[in-house]
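Structure first, then comments.
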Amino acid sequence: TEPGESFLDKMIALVEGASRQKTPNEIALTILLAGFTLIFTIVCVTLKFYADYAHTAITIAAYVSLFVCLIPTTIGGLLSAIGIAGMDRALRANVIAKSGKAVETAGDLDVLLLDKTGTITIGNRKATNFYPADGVTELSFVQKCMIASIADETPEGKSIVELSNQKGVLIPVNFDKENSKLINFTAETRCSGIDLPDGTRIRKGAFDAIKKIALNAGNMFPKETEESVRVISSNGGTPLVLSENEKVLGVIELQDIIKPGIHARFERLRKMGVKTVMVTGDNPLTAKFIAEKAGVDDFIAEAKPEDKMFYIRREQQAGKLVAMMGDG
3 TEPGESFLDK MIALVEGASR QKTPNEIALT ILLAGFTLIF TIVCVTLKFY
53 ADYAHTAITI AAYVSLFVCL IPTTIGGLLS AIGIAGMDRA LRANVIAKSG
103 KAVETAGDLD VLLLDKTGTI TIGNRKATNF YPADGVTELS FVQKCMIASI
153 ADETPEGKSI VELSNQKGVL IPVNFDKENS KLINFTAETR CSGIDLPDGT
203 RIRKGAFDAI KKIALNAGNM FPKETEESVR VISSNGGTPL VLSENEKVLG
253 VIELQDIIKP GIHARFERLR KMGVKTVMVT GDNPLTAKFI AEKAGVDDFI
303 AEAKPEDKMF YIRREQQAGK LVAMMGDG
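Residue numbers for the sequence shown follow the working numbering, so the first one is 3 and each next one is one higher.
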C-alpha cells in the first residue's frame, strides 16, 4: 500500500480524529455560569447609579469585594469534590473511574456499543462439529482441519486440534512442520492456513473469503456446504470453511458462549433509557441470533473499525451521547 494508506494508518487516523462529546450537564453548567456572571456584572455596575440616587457613598473597595464575592466560582469549585465523591462510590461497586468527569459522562449516556467477543460472550469460541462436503471422508476432512490449525495459537485453533483428538485423529506421521509455510490470519484476508512442502495449500476462514478463493480458481462452492454454513449461522455458531488447493472440503462449526446474566443487565440498561448495540465481525445471521439471545436493542454485523466510528458519529449527530465497551 501507499504510505499513509495502510490498515494501521487508517486505525490511527480514526483514533486521532475522535473527539469527546460534551455531556448535557457540561452544556447546562456552562450556560448557567455564563448567565450568573452576566447578571452579577450588571448588578455591580448598576449599583453605583442606585447608590448615587440614594445619596449613599460606596467605596471602590466595597465594589471590588462585592464583585469578587458574587462571581459564581463556588459552583465550579465544588465540581472536583463532587467528582471525587462519585469516583469513591463507583470504587465501592468495583468500578474504577479515571476522573470525576468520567462518572458524570457515564450518567448521561444514551447509547452503549459493545464488542461481542469477550464482552457479551465469554470470548473463546470452541469447535463443536465438522461437516465434510460430499465426496470427502470425515477422517480426511478432520485431518486437514488439524493440519491447518497446528500452528494456530488462537483459542479457536487450539479447540479444533482438541476436537480432532477427541475424534481419534492424530497428526500424520509424515507431516513436515519445519518446511511448511504458515499463513497467519489478517483482517483483510479473513483466513489462515498452511502451505505444505509438496505444494498443497490448505486454508480455513470466513465463508465469503474461502468462497471467493474457490470461485476465483474456477471451482464450485458445494451447495451442501453452503447449507451447513446457513444452518450454523442461524443457530448462532460461526462457520469456518476449509479448502485444499482452492477446492472446498467442508465447514467447521464454532460456538460462542454468552456470559450468564447478560440478558438481565441489558434489561436494566433499557429501563435506564440506555440503548445497547452489539458490534461484531460475524455474518448477519450469526449476529442476529446472538443479539436476540443476549437481549441487545440493535447489532452491527461484519463490522470494521470505520463502521463503528460511522455509527457513533451518526448517533452523535442526533444529539446522543455514545460509549464504547470492548477492545475494538
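Quick reminder that beta carbons are idealized off the backbone N, C-alpha and C, glycines included.
Short of 7 Å from the beta carbon of N247, and not among the five residues preceding or following it, lie these beta carbons of its own chain, in chain order: T202, R203. Apart from sequence neighbours up to five positions away, the residues of its chain that approach I260 with a beta-carbon distance below 8 Å are I122, T123, I124, I292, K295, A296, ordered along the chain. For P241, DSSP records a beta bridge to E255. In the displayed model, F132 falls within a strand according to three-state DSSP. Where I204 is concerned, the enclosing beta strand (DSSP E) starts and stops at 203-207. Contact between T288 and S235 is confirmed by a C-beta separation of about 5 Å, below the 8 Å threshold. Listed in chain order, the non-local C-beta contacts of A59 below 6 Å within the same chain number zero, local neighbours out to five positions each way being set aside. If you draw a 10 Å sphere on the C-beta of R316, you find fewer than 16 other C-beta atoms in it, and that means exposed. Taken through DSSP and simplified to helix, strand or coil, K322 comes out as coil. In this chain, the beta strand (DSSP E) harbouring M280 covers 277-281.
Residues V276, L323, A325 of the same chain have their beta carbon placed closer than 6 Å to that of L111, with the five preceding and five following residues left out of the count.
Out of L34, V70, D300, F301, the CA that lies nearest to the CA of V47 is found in V70.
For F301, the enclosing beta strand (DSSP E) has its first and last residue at 300-302. In the same chain as K179, and ignoring 5 residues on each side of it, the C-beta atoms closer than 7 Å to its own belong to I152, in chain order.
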